[in-house]
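Report on the structure given below.
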Amino acid sequence: MTTVTAAVIDATRCPLCGESNRCAMEIERETGQAQPPCWCMQVDFSNAPLAQLPESMRGLACICARCAAGTPPQD
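Note that UniProt numbering has the sequence shown beginning at 1, numbered continuously upward.
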């Protein structure tokens, strides 16, 4: 089993699907420019498949709005 470390996590990408998570807090951290409140502050995460994330990947990158809603990625 491969262990995922913080060094390989892209904080701008959803760790579930790999799409951009559009995290305003991460953009502000990277650019130093104030951002409006992030979309995630107004979202219900109860349908998000967070249990699919290995412990080693939790808390390192935000999931995207689609995954937060529990909507599977489109092929």
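All C-beta atoms in this analysis are idealised placements derived from N, C-alpha and C, irrespective of residue type, glycine included.
The structure displayed is predicted, hence computed values, not measured ones.
What do you reckon, are the CB atoms on residue 26 and residue 11 nearer than 7 Å?
Along the sequence shown, one-based indexing puts residue 26 at 26. Along the sequence shown, one-based indexing puts residue 11 at 11. Cβ atoms of residue 26 and residue 11: closer than 7 Å.
Rank 66, 57, 65 and 69 by C-alpha distance to the C-alpha of residue 8 and give the top, closest one.
Working through the sequence shown from its first residue, we reach residue 8 at position 8. Closest by alpha carbon: 57.
Can you give the Cα-Cα distance for residue 21 and residue 31, rounded to whole angstroms?
For the purposes of this step, residue 21 is taken as the residue at position 21 of the sequence shown. For the purposes of this step, residue 31 is taken as the residue at position 31 of the sequence shown. Between residue 21 and residue 31, the C-alpha separation is close to 16 Å.
Applying the criterion that 16 or more other CB atoms from any shown protein chain within 10 Å of the CB defines a buried residue, is residue 73 buried or exposed?
As a first step, residue 73 must be located in the sequence shown, where it is residue number 73. Burial call: exposed.
Quick one: measure Cβ to Cβ for residue 64 and residue 19, integer angstroms, because I've assumed they're closer than 8 Å.
In the sequence shown, the residue the question calls residue 64 occupies position 64. In the sequence shown, the residue the question calls residue 19 occupies position 19. With a Cβ gap of about 5 Å, residue 64 and residue 19 count as contacting.
Can you tell me where the alpha helix (DSSP H) with residue 67 in it begins and where it stops?
On the sequence shown, position 67 is the one that residue 67 refers to. That run of the alpha helix (DSSP H) goes 65-68.
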